[in-house]
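Undergrad: One structure is given below, represented as structure tokens, and several questions about it will come after.
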Amino acid sequence: MSVKTDTENKKGALVLGQLPQTSAEEAAELEASCLKEAWSKNAWEDALKDKNAWYAGAWLDGRLVGCCGLWQSFEDADICNVAVDQTLRRQGIGEQLLLFLMENGKKRGVKNFTLEVRRSNEAAIGLYHKLGFLDEGVRPNFYDSPKEDALILWKKQETQG
Numbered sequence: 002m003s004v005k006t007d008t009e010n011k012k013g014a015l016v017l018g019q020l021p022q023t024s025a026e027e028a029a030e031l032e033a034s035c036l037k038e039a040w041s042k043n044a045w046e047d048a049l050k051d052k053n054a055w056y057a058g059a060w061l062d063g064r065l066v067g068c069c070g071l072w073q074s075f076e077d078a079d080i081c082n083v084a085v086d087q088t089l090r091r092q093g094i095g096e097q098l099l100l101f102l103m104e105n106g107k108k109r110g111v112k113n114f115t116l117e118v119r120r121s122n123e124a125a126i127g128l129y130h131k132l133g134f135l136d137e138g139v140r141p142n143f144y145d146s147p148k149e150d151a152l153i154l155w156k157k158q159e160t161q162g
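Structure below.
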């Protein structure tokens with residue numbers, strides 16, 4: 002699978018780009034297929050309009066197959082809403098999407114990235130560690146359905162490659 006970061010969408014090429022406001026419904030549907038705590042279409046519309054947020058999308062054959070975002074506060078950003086189509090996982094889409102997101106975050110002045118992840122989500126934790134995130138703490142009972150702790154991970158400027 003090749004990766005493009007422009008608007009050209011050749012068949013079979015993964016295209017990465019900023020998630021437009023017009024993709025709110027598609028993003029909500031994708032996230033709902035992956036997470037029980039998914040945002041509504043209205044929440045996505047609000048987020049995609051917020052000047053402190055920046056969202057990335059991954060399209061395959063014109064279909065949104067991945068998304069994630071960041072909420073910036075000065076030089077720090079919280080990565081959120083990471084979702085990849087369940088039928089396309091473990092093909093590098095999440096990694097490419099996160100790298101693209103962080104690259105664009107750096108262009109916005111972000112130096113440090115943080116995120117929360119379910120303690121049981123070993124695949125995601127492995128990816129975040131591969132990208133240089135370090136375990137920094139725990140948020141007890143952060144998630145519902147089922148109730149579960151969240152690991153807090155940070156990728157700080159001094160650990161970025």
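Residue numbering for the sequence shown follows the working numbering, beginning at 2 and increasing consecutively. Cβ atoms here follow ideal geometry from the backbone N, Cα and C, with glycine treated the same way. Please read all numbers here as calculations on a predicted model, not as lab measurements.
#1: Nearest to residue 64 by CA position, among 33, 86 and 79, is which residue?
#2: Would you give the residue range spanned by the beta strand (DSSP E) that residue 22 belongs to?
#3: Excluding the five sequence neighbours on either side, which residues of its own chain have a C-beta within less than 8 Å of the C-beta of residue 29, listed in chain order?
#4: Take residue 13 as the anchor and find which of 22, 25, 23 and 61 has the nearest alpha-carbon.
#5: Examine the Cβ distances between the segment 71-83 and the segment 50-57 and report whether three or more of them are shorter than 8 Å.
#6: Looking at the structure shown, is residue 41 part of a helix, part of a strand, or coil, going by DSSP?
#7: Between residue 7 and the rest of its own chain, which residues show a CB-CB distance below 7 Å, the 5 nearest in sequence each way excluded?
#8: Could you check if residue 123 is buried or exposed, using at least 16 other CB atoms within 10 Å of its CB as the buried criterion?
#9: Give the secondary structure of residue 1 by DSSP, where H, G and I count as helix, E and B as strand, and everything else as coil.
#10: For the segment 17-37 and the segment 107-123, state whether three or more C-beta atom pairs, one from each stretch, are separated by less than 8 Å.
#11: Quick check on this structure: which residue in 49, 92 and 119 has the alpha carbon closest to the alpha carbon of residue 150?
TA: On the basis of the coordinates in this document:
#1: 86
#2: Run containing residue 22: none; DSSP gives neither H nor E here.
#3: Counting only residues of its own chain and dropping the five nearest sequence neighbours on each side, residue 29 has a CB closer than 8 Å to the CB of 39, 40, 41, 42, 44 and 45.
#4: Comparing Cα-Cα distances from residue 13 to each of 22, 25, 23 and 61, the minimum goes to 61.
#5: Segments in contact, yes.
#6: coil
#7: Legend: pLDDT at residue 7 = 45, less than 50; position of this residue unreliable, no value from coordinates given.
#8: Taking all protein chains shown into account, residue 123 has fewer than 16 neighbouring C-beta atoms within 10 Å of its C-beta and is therefore exposed.
#9: Only positions 2 to 162 of the chain appear in the structure, and residue 1 is not among them; the question remains open.
#10: no
#11: With distances taken between Cα atoms, residue 150 lies closest to 119.
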